[in-house]
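Student: Basically the working numbering = 1-based index in the sequence shown + 1115. Quick reminder that beta carbons are idealized off the backbone N, C-alpha and C, glycines included. For reference, the structure I am asking about is given below.
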Amino acid sequence: MNAPHHIIGAPMDRTDGIAKVTGAARYAAEHPLPNLAYAVLVTSTIPKGRIAGFDAHEARAVPGVIAIMTHENAPKLPDQTKSGKLMPPIGRVLSLLQYDAVHYNNEPVAVVVADSFEHAREAGARLKVRYDTAEDAVLDFETAQEKLHPPESVLGEPADTRRGDALAGMLEGAVTVNQTYVTPFEHHNPMEPHATIAHWEGDHLTLYDSTQYIHGVRRIVAQTLGMAPEKLRVLCPYIGGGFGCKGSVWSHVVLAAMAAQMAGRPVKLVLDRPQMFGPVGARPVTKQRLALASSTDGKLTASRHDVIAATSMIENWIEPSALITRMMYDCPTQETTHRLASMDIGTPTFMRAPGESTGSFVLESAMDELAIALKMDPIALRMANYAEKDPGKGLPWSSKSLDECYRIGAERFGWSARNPEPGSMRDGDWLIGWGMATATYPTNRSAATASARLNADGSAAVCSGSQDLGTGTYTVMTQVAADTLGLPPEKVHFDLGDTRYPDAPVSGGSTTVASVAPAVRAACEAVKMKLFGIALADAASPLAGALASDLELQDGWLVHKGDTARREAVGEVVARHGKPIAAEASAAPGPEKGKFSMHAFGAVFAEVRVHAHTREVRVPRITAAYGVGKLMNAKTGRSQLLGGIVWGMGMALFEESYHDPETGRIVNDSLAEYHVPVHADIGDIDIIVVHEDDPHVNPLGAKGVGEIGITGVAAAIANGVHHATGRRVRDLPITLDKLL
Ligand code: MOS
């Protein structure tokens, strides 16, 4: 029997695990609908120009073709979609076949609908698009940087910041590091590509969509189509990975609805793998200059971080890489800037730890370079500049265990045995390098609503219109509800992924647990109070006449605390009541948000092995210690951190999308050629979560764990590569050609 107070934090198995491994879990493209038609997206093959016309004869000749939708015949939408800017940052500038312009290669230019996927694909391939291409496209980052412009803001923060006189601080420093680093274009590659089924019934639209934000899809699609949101329902019970690309509504979602309208049938539109590389976001290439100055004992006197990131011509989306530099170290003077370089490419977007992933590579590489210049241990340098409050915001931390993370991580890794001399540690033909870096990610929270219902069989049904990216939302919310209701988790059914459930925020920015769990707790508290009230007022209950403050819920029983013999099963109370007892409640961030700076922190240690002759790089082990508030589920939480670390290894060693400089197409647009770590690339990953009580972040004390895992990893590996070889690689990924 689970004592209720042990449910939260327990390594409970995923409540959706069996449905997933048995194939019972239905993903967006798997919902069977009668009379379903199949759509394929046809995308541009030029980066810039105009569509002169279509030759559709051959396409129409393919059997089973139902509709070919282009800008010439697509339903005209309310004007706002042309100018874009629906609801930044989630509302994107979309390509909805409203006019003839082409803004990037692989941009949607037509949708072909047929009675089978094969027919649709064949017809799509036979649709000929004629283009006028008068102007040259900007397809390389160097050219794009000739014209830089500042973003309006950086995730709601100013694009540029300044504290003190950084120039004077630089001059004051005895030792300086001033280097330029580059991180490449990267593309999200969840196993499940973007997919939408659109089904009209009269003027009501149902969308089965693979999304991190069902309520956002409802709002934005409704606005784009000019319909009332109440007439639109979005369902997403399961997601086969999101990573940020599914945080926005992209063109294909609206196009599926338009195509279904045109076809007069429900339509399924699934992006193929190459279409994951263009119309649905990417991490943009960044060039970042990082300058640090310190006294001879390692105290920073100045820091300066200048970020240039690519964006598209149609939207200003910035990778916020300098945010981490504003908050990480105690440094009296500082300047940070963000600038955009526009290219004729698809708009970039959020990708796991947008900003902190790329920014931590740069800041934490530079800190390593400074430690070497100072002949100082990298941890000692970080501790010499440990920020006791957020230096950017001037606010105290809600909690911070980073010093403990350094200490415990170093101990578990065996850091004290490190000889700081590069190339000094060797095992046969393998050069060994040990590198470390700091990890961090902000703790975000938004308003959310949940509802809870107690049934006569003693079970509870709890729901919120949230999402589970595969990370454990179903499971953790079940734990929170079971804990609050004093029920065993088996008696709790938690549901999500339907806009008929109450509003919940985007599952992005590591925000779901911090936002939805307090709402689930509030709804369960509310239904508990209703239950108490009903029992007290019911002469047939052994608890009749007691005070609500005398009662508690224990393992499915309503119990009088002063006299535990007075008790009644929860289901009994509900049964006599004659109908389920239900309540809905919302929870939102309070004034703490303005009083504290909220971040999760961690320390990452990597052992790197570089082959002395082939320069092949391996990472046999990583140790990472994190302070993430209360970990809600020891198993799913650890898996999230583990997945982030694995991605950090991909970022360090493998991932890069290459634009063809002639056409602007991504040339490695497949899982075969877009390299991510495979099982054989991953060694031992040792994760420690330190105990941390944070009463300020939210009522559950949980910081997000979705994104911090990727941060710091690339720097720890780059620092390890330097320690192994004496070679500093400042442009990711660290492929062996850079070490020859
Ligand atoms: Mo995450 S990149 O905020 O989905």
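How long is the line joining the alpha carbons of Ala1596 and Arg1636, rounded to whole angstroms?
Tutor: Position 481 of the sequence shown, counting from 1, holds the residue named residue 1596. Position 521 of the sequence shown, counting from 1, holds the residue named residue 1636. The straight-line gap from Cα to Cα measures roughly 6 angstroms.
Student: In or out: Asp1170 buried (at least 16 other Cβ within 10 Å) or exposed?
Tutor: In the sequence shown, the residue the question calls residue 1170 occupies position 55. By the neighbour-count rule (16 or more Cβ atoms within 10 Å), Asp1170 is not buried but exposed.
Student: Where does Tyr1214 land, buried or exposed, given buried means 16+ other C-beta within 10 angstroms?
Tutor: In the sequence shown, the residue the question calls residue 1214 occupies position 99. Exposed is the call here.
Student: Leaving out the 5 sequence neighbours to the left and right, which residues in its chain are closer than 6 angstroms to Pro1535 when beta-carbon positions are compared?
Tutor: By one-based count along the sequence shown, residue 1535 stands at place 420. No residues qualify anywhere along the chain.
Student: Short check: CB of Ile1523 to CB of Ala1740, under 9 angstroms?
Tutor: On the sequence shown, position 408 is the one that residue 1523 refers to. On the sequence shown, position 625 is the one that residue 1740 refers to. Contact flag set, yes.
Student: Could you tell me whether the region 1148-1157 touches the region 1345-1354, using the rule of 3 or more Cβ pairs below 8 angstroms?
Tutor: No, they do not touch.
Student: Quick check: does the Cβ of Ala1468 come within less than 8 angstroms of any heavy atom belonging to the ligand MOS?
Tutor: The sequence position of residue 1468 within the sequence shown is 353, counting from 1. Ala1468 Cβ: within cutoff of the ligand MOS.
Student: Within its chain, find whatever has a CB closer than 6 angstroms to the CB of Ser1514; leave out the 5 residues flanking it on each side and keep chain order.
Tutor: The residue you call residue 1514 lines up with position 399 of the sequence shown. Result list for Ser1514: Glu1807, Asp1809, in chain order.
Student: Using the Cβ count rule (16 or more neighbours within 10 Å means buried), how would you classify Ser1427?
Tutor: The residue given as residue 1427 occupies position 312 in the sequence shown. Under this definition Ser1427 is a buried residue.
Student: List the DSSP bridge partners of Met1713.
Tutor: For the purposes of this step, residue 1713 is taken as residue 598 along the sequence shown, with counting starting at 1. Answer is none; Met1713 lacks a bridge partner.
Student: Could you spell out the range, first to last residue, of the alpha helix (DSSP H) harbouring Ile1181?
Tutor: Residue 1181 sits at position 66 when you count from the first residue of the sequence shown. Not the alpha helix (DSSP H): Ile1181 falls in the beta strand (DSSP E), residues 1180-1184.
Student: Check this for me: beta carbons of Arg1441 and Thr1451, under 9 angstroms apart or not?
Tutor: Mapped onto the sequence shown, residue 1441 falls at position 326. Mapped onto the sequence shown, residue 1451 falls at position 336. In contact: Arg1441 and Thr1451 (Cβ atoms closer than 9 angstroms).
Student: Return helix, strand or coil for Trp1762, following the three-state DSSP convention.
Tutor: Here residue 1762 corresponds to residue number 647 of the sequence shown, with the count starting at 1. DSSP places Trp1762 in helix when its eight states are reduced to three.
Student: Considering only the beta carbon of each residue, do Gly1700 and Ala1565 sit closer than 9 angstroms?
Tutor: Position 585 of the sequence shown, counted from the start, is the residue given in the question as residue 1700. Position 450 of the sequence shown, counted from the start, is the residue given in the question as residue 1565. The question names Gly, yet the displayed sequence has Ala at residue 1700. Cβ atoms of Ala1700 and Ala1565: closer than 9 angstroms.
Student: How is the alpha helix (DSSP H) around Lys1135 delimited, first residue to last?
Tutor: Looking up residue 1135 in the sequence shown gives position 20. Where Lys1135 is concerned, the enclosing alpha helix (DSSP H) stretches over 1132-1136.
Student: Under 9 angstroms between the Cβ atoms of Leu1347 and Thr1311?
Tutor: In the sequence shown, residue 1347 corresponds to position 232, counting from 1. In the sequence shown, residue 1311 corresponds to position 196, counting from 1. Not a contact, by the Cβ cut-off of 9 angstroms.
Student: Going by alpha carbons, who is nearest to Ala1567 out of Ser1561, His1608, Arg1560?
Tutor: Within the sequence shown, the letter at position 452 stands for residue 1567. Of the candidates Ser1561, His1608, Arg1560, the one whose C-alpha sits nearest the C-alpha of Ala1567 is His1608.
Student: With a floor of 3 residues, list each beta strand (DSSP E) that falls wholly inside the region 1201-1289, ordered by position along the chain.
Tutor: Counting whole runs of 3 or more residues, the region 1201-1289 contains the beta strand (DSSP E) stretches 1223-1229, 1243-1247, 1276-1278.
Student: According to DSSP, Cys1578 sits in a beta bridge with which residue or residues?
Tutor: Mapped onto the sequence shown, residue 1578 falls at position 463. BP columns for Cys1578 point to Ser1566, Asp1610.
Student: Less than 6 angstroms between C-beta atoms, sequence neighbours within five positions excluded: which residues of the same chain meet that for Ser1574?
Tutor: In the sequence shown, the residue the question calls residue 1574 occupies position 459. Once the five neighbours on either side are set aside, the close Cβ partners of Ser1574 are Lys1606.
Student: Cα separation between Pro1537 and Ala1721?
Tutor: The count along the sequence shown starts at 1 and reaches residue 1537 at position 422. The count along the sequence shown starts at 1 and reaches residue 1721 at position 606. C-alpha separation (whole angstroms): 15 angstroms.
Student: Is the Cβ-Cβ distance between Ile1460 and His1774 less than 9 angstroms?
Tutor: The count along the sequence shown starts at 1 and reaches residue 1460 at position 345. The count along the sequence shown starts at 1 and reaches residue 1774 at position 659. Result yes, Cβ atoms of Ile1460 and His1774 sit closer than 9 angstroms.
Student: Threshold first: 3 residues or longer. Then list the beta strand (DSSP E) segments lying entirely within the region 1314-1338, N to C.
Tutor: List check, beta strand (DSSP E) in window: 1319-1324.
Student: Can you give me the C-alpha to C-alpha distance between Arg1141 and Thr1326, rounded to a whole angstrom?
Tutor: Looking up residue 1141 in the sequence shown gives position 26. Looking up residue 1326 in the sequence shown gives position 211. Each residue's alpha carbon lies about 14 angstroms from the other.
Student: With a threshold of 16 other CB atoms inside 10 Å of the CB of Val1793, please say whether the residue is buried or exposed.
Tutor: As a working note, residue 1793 is residue 678 in the sequence shown. With fewer than 16 other Cβ atoms within 10 Å, it is exposed.
Student: Check Asp1796 in the structure and name its three-state DSSP category.
Tutor: Here residue 1796 corresponds to residue number 681 of the sequence shown, with the count starting at 1. It is helical.
Student: Please state whether DSSP places Pro1537 in a helix, a strand or coil.
Tutor: Mapped onto the sequence shown, residue 1537 falls at position 422. Residue state, collapsed to three classes: coil.
Student: Look at Asn1500 and Tyr1556 and say whether their C-beta atoms are less than 9 angstroms apart.
Tutor: Along the sequence shown, read from residue 1 onward, the residue named residue 1500 stands at position 385. Along the sequence shown, read from residue 1 onward, the residue named residue 1556 stands at position 441. No; because the gap between Cβ atoms is not below 9 angstroms, this pair is not in contact.
Student: Let me make sure I understand the geometry here. Which of Arg1733, Pro1266, Ala1718 has the alpha-carbon closest to that of Val1804?
Tutor: For the purposes of this step, residue 1804 is taken as the residue at position 689 of the sequence shown. Closest option to Val1804, Cα to Cα, is Ala1718.
Student: Just tell me which of Ile1797, Leu1156, Val1743 has its CA closest to the CA of Val1382.
Tutor: Mapped onto the sequence shown, residue 1382 falls at position 267. Per the Cα distances, Leu1156.
Student: Looking at the ligand MOS, does it come within less than 8 angstroms of Gly1357, judged from the CB to the closest heavy atom?
Tutor: Here residue 1357 refers to the residue found at position 242 of the sequence shown. Yes, the ligand MOS has a heavy atom inside 8 angstroms of this Cβ.
Student: What residues match up with Pro1557 in a beta bridge as DSSP calls it?
Tutor: Residue 1557 sits at position 442 when you count from the first residue of the sequence shown. In DSSP, Pro1557 forms a bridge with His1714.
Student: Tell me whether the beta-carbon of Gly1279 lies closer than 9 angstroms to the beta-carbon of Leu1415.
Tutor: In the sequence shown, counting from the first residue as 1, residue 1279 sits at position 164. In the sequence shown, counting from the first residue as 1, residue 1415 sits at position 300. For Gly1279 and Leu1415, no; Cβs fall outside 9 angstroms.
Student: Does any heavy atom of the ligand MOS sit closer than 8 angstroms to the C-beta of Phe1465?
Tutor: Within the sequence shown, residue 1465 is the residue found at index 350, counting from 1. Because some heavy atom of the ligand MOS lies under 8 angstroms away, the Cβ of Phe1465 counts as near it: yes.
Student: Measure the alpha-carbon distance for Gly1543 versus Asn1431 and round it to whole angstroms.
Tutor: Sequence index remark: in the sequence shown, residue 1543 carries index 428 (1-based). Sequence index remark: in the sequence shown, residue 1431 carries index 316 (1-based). Cα-Cα distance, rounded: 50 angstroms.
Student: At a threshold of 8 angstroms, does Glu1471 count as lining the ligand ADP (C-beta to nearest heavy atom)?
Tutor: Of the ligands this structure carries, namely the ligand MOS, none is the ligand ADP.
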